[in-house]
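So the sequence shown is residues 1 to 817, counted in the UniProt record's numbering.
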Amino acid sequence: MEVAWAPPNPPQPRKHQPFRIPPTERLLPIGPKPNKEPYPVFNALVDRVREALSLPPDDPMDKTDSSRSDQELTPTPTPTNRPQELTKKMSSESNRGRLWRQGAQLGSPPAVPGQGSHPPPHPSRDRGSAPPHQQESGGEASGGWWEDETRPGRRAAHANTTPRPDTTLCYRCGECGSAAEWCSDEEVGLCVIALATFVHREPAAAAPSLPQLLRAVGRVSQAGRSPWQAESGARVPGSAVFVAHQFLRCVLHRLAPNNVFLQIFLQRTPEKQRIIFFKSIAQAFVDFNELYPCGPLQLVIEHLNSKKTLPIEQMPLILHNIAMYLECLAPEALGPAGACAALVAALDALLRALALLLPQLDDVLPLLRAATAALRVPAAHQHKSILEPISKIISYGIQNFVIKLSVISELSVVCMRVFSRDRDKLLVCRVLVYELMQALRTKTTVPDDNLFILIQFVLQGHGCTLLLPPQLNTGDLLTAGPSGSEARDLGSGAVECMRPHLPDMIDLLQDPHLLNKIKGSVSKSIVNRNLICLNEDTLGAIVKGGIAQYVAMELALEHSRGRADRGQQQTNRHMMPWLSVSPPGSREVGECVWRVRGVAWLVLGALCNARARAPHVCVPHDATCHLIDHVQTIMSSYVEQCKGPQRMSALFHAFLLCQLWTLYLERQAAGEPHGTALCALLDFWCKLVPAVLHLTHHSTLLAETVNLHFLSLLESLLECNSTVLTRLLPLWTPILYSPLFKMPRHVSQRLAACRAAPPPAAEAWGAGAQGTAGPAGGTGSPGGTGGTQEALERRRLHRLLTKMAQLEMQPHSFYFI
1 MEVAWAPPNP PQPRKHQPFR IPPTERLLPI GPKPNKEPYP VFNALVDRVR
51 EALSLPPDDP MDKTDSSRSD QELTPTPTPT NRPQELTKKM SSESNRGRLW
101 RQGAQLGSPP AVPGQGSHPP PHPSRDRGSA PPHQQESGGE ASGGWWEDET
151 RPGRRAAHAN TTPRPDTTLC YRCGECGSAA EWCSDEEVGL CVIALATFVH
201 REPAAAAPSL PQLLRAVGRV SQAGRSPWQA ESGARVPGSA VFVAHQFLRC
251 VLHRLAPNNV FLQIFLQRTP EKQRIIFFKS IAQAFVDFNE LYPCGPLQLV
301 IEHLNSKKTL PIEQMPLILH NIAMYLECLA PEALGPAGAC AALVAALDAL
351 LRALALLLPQ LDDVLPLLRA ATAALRVPAA HQHKSILEPI SKIISYGIQN
401 FVIKLSVISE LSVVCMRVFS RDRDKLLVCR VLVYELMQAL RTKTTVPDDN
451 LFILIQFVLQ GHGCTLLLPP QLNTGDLLTA GPSGSEARDL GSGAVECMRP
501 HLPDMIDLLQ DPHLLNKIKG SVSKSIVNRN LICLNEDTLG AIVKGGIAQY
551 VAMELALEHS RGRADRGQQQ TNRHMMPWLS VSPPGSREVG ECVWRVRGVA
601 WLVLGALCNA RARAPHVCVP HDATCHLIDH VQTIMSSYVE QCKGPQRMSA
651 LFHAFLLCQL WTLYLERQAA GEPHGTALCA LLDFWCKLVP AVLHLTHHST
701 LLAETVNLHF LSLLESLLEC NSTVLTRLLP LWTPILYSPL FKMPRHVSQR
751 LAACRAAPPP AAEAWGAGAQ GTAGPAGGTG SPGGTGGTQE ALERRRLHRL
801 LTKMAQLEMQ PHSFYFI
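Quick look at the structure:
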């Protein structure tokens with residue numbers, strides 16, 4: 001739409017008529033006086049303009065002939081008794097120059113000699129005789145156009161007499177820019193009939209413009225619907241929509257032997273235009289007995305299957321358009337069962353041929369979309385053989401291309417709904433889980449984004465989200481398509497296929513070399529694909545954090561089921577038996593470090609899962625005593641045995657577990673009415689403080705290490721708005737002020753800042769008391785504060801995740817972060 005000025009109407013020819021003087025009236029003087037004394041500024045400006053234009057000084061620019069005539073003809077007023085006496089004068093006598101200009105504007109331009117007729121004589125007036133100025137001017141003023149050669153005459157002759165028109169709205173086409181014309185429904189139908197006649201009689205002339213004609217008629221068939229027609233789907237006979245559908249039927253059915261549908265599925269127009277065009281074609285063939293809506297697809301696929309070699313460069317575009325065409329039409333409107341069965345068989349043959357040419361393709365997303373659309377065809381459940389090429393395409397695509405979570409999720413949901421046997425409906429989920437386990441075991445190389453997508457595919461079955469830094473969580477990397485019942489079906493399938501691999505996931509979580517293995521595997525994949533990975537160092541931490549999230553959710557479900565059915569102790573012995581057994585002693589310090597590291601990863605996964613939901617108990621509260629025994633064993637080993645640089649990482653793991661266990665129990669206490677988690681936390685620190693104090697009095701190096709770790713713990717709890725910090729700070733004061741360690745100035749300033757920090761706001765207490773966010777979350781606060789608190793919590797968790805990953809990757813050179 002644009003605003004334009006309408007063109008002025010052409011001037012109507014008027015007859016040469018004399019100017020009629022209005023009757024006498026009382027008028028006040030208009031305009032400046034003849035003398036120049038009251039306007040000194042204006043006169044100076046006129047003089048400057050005359051000087052700039054190099055005009056002679058004797059040319060009176062400010063005086064016109066009309067003013068001079070006024071001075072000559074104006075009589076000298078006779079003195080009267082009243083100082084101001086107004087006498088009735090004619091308007092021509094009061095301001096004769098104004099009337100001359102008005103007459104010149106209302107009249108017609110002078111006629112060219114020899115081409116026009118002479119003006120008619122001036123008609124006689126009813127009252128009085130001719131005005132005085134008409135008698136003075138003689139024949140020159142008899143016409144309406146001022147023909148004098150003086151400056152006022154020329155100025156009046158060039159005046160614009162046409163009034164400025166009103167603004168009008170002009171609608172223009174968004175594609176070509178031409179002005180839109182409003183036509184009735186009958187006129188649009190006649191235009192379509194004219195196009196059909198042109199295509200029928202002159203096919204050679206219409207062939208170059210046939211794609212544009214088909215798209216234009218397709219827009220008519222979609223845009224001409226009324227609201228009641230859109231709801232009912234009925235078409236009025238004789239309407240423009242009906243005529244447009246008939247045009248598409250006749251033209252496409254006549255040109256079908258000439259492979260017109262192949263050219264239609266090869267178009268590269270914008271996606272919105274293609275959707276409108278495919279909808280119009282599908283709706284045109286709904287009630288057409290000669291060609292069903294699935295007929296165009298069947299003709300194109302049979303033509304491709306008949307070739308000895310497929311056009312590899314065109315296949316992604318053709319498959320993308322095939323998927324788009326099937327998505328534009330309801331599955332039950334494709335046609336009869338026999339036609340749908342033939343279409344699925346043709347798609348099965350095409351996918352099998354493409355599975356052999358996967359190394360020559362540039363992308364597999366069009367193939368996955370076409371496979372998803374093929375499974376939606378009503379007769380797809382009768383062709384189970386189509387799952388074999390689909391599984392091969394998925395495996396190859398995960399290992400060599402970057403896929404989308406929404407595409408594989410939609411494919412999994414459709415497969416689960418179409419087939420009835422578990423072996424068939426869970427095939428896609430099993431393939432995805434198998435590729436994930438092979439990648440985690442570093443038996444296959446996959447792109448780094450696919451690792452995140454596969455882990456998120458498993459986590460979304462539990463309603464969790466993978467913890468990613470803001471720099472990587474962009475676009476639709478972790479955006480899933482299904483929702484509602486589809487999300488429940490997808491979640492049940494992914495969880496059911498992944499549950500047998502839970503022991504393997506626990507072993508991977510406790511493997512200290514997993515991060516280096518993943519880094520090497522991804523580096524090999526990057527080299528093979530000639531790409532650059534900027535998150536190569538943090539990739540292992542994100543992947544292991546995702547494993548921890550999945551294991552934490554599974555153990556939480558096992559704990560809840562075991563507490564309801566078999567009892568809590570049996571569940572712990574089955575899944576995590578080392579939490580119920582006392583440590584073997586100081587000789588097995590390595591075993592204690594291995595277990596402490598596993599619990600730390602598990603608790604971190606539980607904290608990541610509790611960002612947007614109520615916390616789940618993956619490790620029971622009564623395991624506190626066993627954790628205390630493991631931590632005391634590690635600390636006593638530094639006192640009893642010699643301390644080497646290779647043993648310093650064990651102490652870091654112990655303090656990280658203390659920090660995570662404090663956050664975990666406090667988060668559990670926020671949603672627990674009885675306060676058992678808070679009691680377990682206080683008991684944990686009361687039993688652990690003597691061992692830590694003994695460690696700080698043993699050597700200066702250990703005192704400095706313990707002081708820095710506790711200061712980091714204080715800052716972390718303060719950042720989380722911890723409610724137990726005020727209770728634990730008096731207990732930690734002897735640890736912070738060791739006699740063997742003189743606190744540096746910057747460390748004392750950090751400690752003073754922790755002591756002088758204000759208490760948490762009332763909103764944080766309210767959010768924690770409700771159990772929705774807890775003291776570490778703050779997501780329950782309304783407005784933008786909730787989003788800010790959630791971002792801060794994600795940053796804290798990612799920082800802890802990175803610290804633990806760096807500690808495992810560089811245990812000998814890692815000291816303080």
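Glycine included, each C-beta is placed from N, C-alpha and C at the ideal position. Computed from a predicted structure; not experimentally measured.
- Boundaries of the alpha helix (DSSP H) harbouring Ser712: 700–719, taken from the DSSP string.
- The shortest CA-to-CA distance from His383 to any of Ser420, Ser406, Val243 is the one to Ser420.
- Contact check between the region 540–547 and the region 795–812: three or more CB pairs, one atom from each, fall below 8 Å, which counts as touching.
- Short of 6 Å from the beta carbon of Leu329, and not among the five residues preceding or following it, lie these beta carbons of its own chain, in chain order: Ala282, Pro293.
- Nearest neighbour of Glu666 by Cα position, chosen from Ser722, Met635, Val689, turns out to be Ser722.
- Distances from the alpha-carbon of Pro237 to those of Asp185, Asp424, His626, Asn609 put Asp185 closest.
- By the criterion of a C-beta distance shorter than 8 Å, Val192 is surrounded in its chain by Val217, Val220, Ala240, Val243, Ala244, Phe247, once the five residues flanking it on both sides are discounted.
- Following the DSSP letters along the chain, one finds Gln314 in no alpha helix (DSSP H), marked with neither H nor E.
- Annotated three-state conformation of Leu351 is helix, per DSSP.
- Minimum Cα-Cα distance from Gly491 among the listed residues Leu515, Asn450, Tyr550 corresponds to Tyr550.
- Rounded to the nearest angstrom, the gap between the Cα atoms of Leu343 and Leu213 is 28 Å.
- One alpha carbon belongs to Val260, the other to Ala349, and they sit about 22 Å apart.
- Rounded to whole angstroms, the Cβ separation of Val433 and His513 is 23 Å, and the two are not in contact under 8 Å.
- Contact between the region 352–364 and the region 322–341 is absent: fewer than three C-beta pairs spanning the two stretches fall below 8 Å.
- Distance between Cys608 and Trp182, taken at the CA atoms: about 59 Å.
- Ranked by Cα distance from Gly545, the options Leu751, Leu602, Thr733, Val639 are led by Leu602.
- Ranked by how close their Cα comes to the Cα of Val596, the residues Leu515, Ala623, Ser391 have Ala623 in first place.
- Setting aside the 5 residues that flank it on each side, Leu801 is surrounded in the same chain by Ala541, Gly545, each with a C-beta closer than 6 Å to its C-beta; the list follows chain order.
- Secondary structure note for Pro336: it is in no alpha helix (DSSP H), with a DSSP letter that is neither H nor E.
- Asp287 is classed as exposed because its beta carbon has fewer than 16 other beta carbons within 10 Å across all chains shown.
- With contacts defined as CB atoms closer than 7 Å, His320 and Pro366 qualify as a contacting pair.
- The Cβ neighbour count for Cys497, taken over all protein chains shown within 10 Å, is at least 16; the residue is labelled buried.
- Measuring C-alpha to C-alpha distances from Pro577 to each of Val589, Arg561, Ser560, Val599 identifies Val599 as the nearest.
- Residue range 648–670 is occupied by the alpha helix (DSSP H) that includes Tyr664.
- Beta bridge pairing from DSSP links Arg172 with Ala179.
- With at least 16 other beta carbons inside 10 angstroms of its own, Cys618 counts as buried.
- Leu681 and Trp661 have their C-alpha atoms roughly 8 Å apart.
- Per DSSP, reduced to three states, the secondary structure at Ser637 is helical.
- Secondary structure note for Thr733: its alpha helix (DSSP H) is the uninterrupted segment 725–736.
- About 6 Å separates the beta carbon of Leu797 from that of Leu467, a gap short enough to meet the 8 Å contact definition.
- Lys443 sits in coil when the DSSP states are folded into three classes, being neither helix nor strand.
- Ile398 and Glu536 have their C-alpha atoms some 19 Å from each other.
- The three-state reading of DSSP puts Ser521 in helix, counting H, G and I together.
- Inter-residue distance for Met635 and Lys425 is about 53 Å (C-alpha atoms, whole angstroms).
- Here Tyr325 is buried, its C-beta having at least 16 other C-beta atoms within 10 Å.
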